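The opening residue of the sequence shown carries number 1 in full-length UniProt numbering; numbering runs sequentially from there.
Ideal Cβ placement from N, Cα and C applies to all residues, glycine included.
All of these numbers come straight from a predicted model, not from anything done at the bench.
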Amino acid sequence: MYRATMKRIDDQAERDSELATRALMWVSNAARLLNAQELCSALSLEPDDTEFDTDNLLDIELIVSVCAGLVIVEEESEIIRLVHYTAQEYF
Numbered sequence: 001m002y003r004a005t006m007k008r009i010d011d012q013a014e015r016d017s018e019l020a021t022r023a024l025m026w027v028s029n030a031a032r033l034l035n036a037q038e039l040c041s042a043l044s045l046e047p048d049d050t051e052f053d054t055d056n057l058l059d060i061e062l063i064v065s066v067c068a069g070l071v072i073v074e075e076e077s078e079i080i081r082l083v084h085y086t087a088q089e090y091f
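What follows is the structure in structure tokens.
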């Protein structure tokens with residue numbers, strides 16, 4: 001099941017596929033749960049950035065979309081997490 005989803009992610013445009021991979025790495029490896037704003041901020045930074053540019057802030061709907069159903073944003077808390085605990089085991 002997750003292998004097929006990862007194939008769909010890999011088949012996206014390169015930029016979207018890379019964004020999904022980075023998002024999944026953050027969500028699955030963070031020391032604590034991240035909220036949508038934190039993930040958007042983290043993914044908006046590039047390794048060579050020397051300052052944070054709010055004009056480059058990514059949209060959470062885009063991030064969720066490119067992750068092909070593997071992540072959800074909880075409505076009240078805005079916590080972004082993997083859709084199911086088995087996804088955590090996969091990653």
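Residue i versus the options, residue with shortest Cα-Cα distance
i	options	result
residue 4	76, 68, 40, 29	68
residue 44	84, 66, 59, 30	59
residue 36	84, 85, 57, 51	57
residue 77	10, 65, 14, 38	38
residue 53	62, 42, 63, 61	42
residue 75	85, 55, 61	61
Sequence-distant residues of the same chain with beta carbon closer than 7 Å to residue i, five excluded per side
i	result
residue 33	79, 81
Terminal residues of the beta strand (DSSP E) in which residue i lies
i	result
residue 82	79-82
Host alpha helix (DSSP H) of residue i (start-end)
i	result
residue 29	14-29
residue 68	From DSSP, residue 68 is part of no alpha helix (DSSP H); its letter is neither H nor E.
residue 50	Run containing residue 50: none; DSSP gives neither H nor E here.
Beta-carbon proximity list for residue i, same chain, < 6 Å, skipping 5 on both sides
i	result
residue 72	83
residue 63	23
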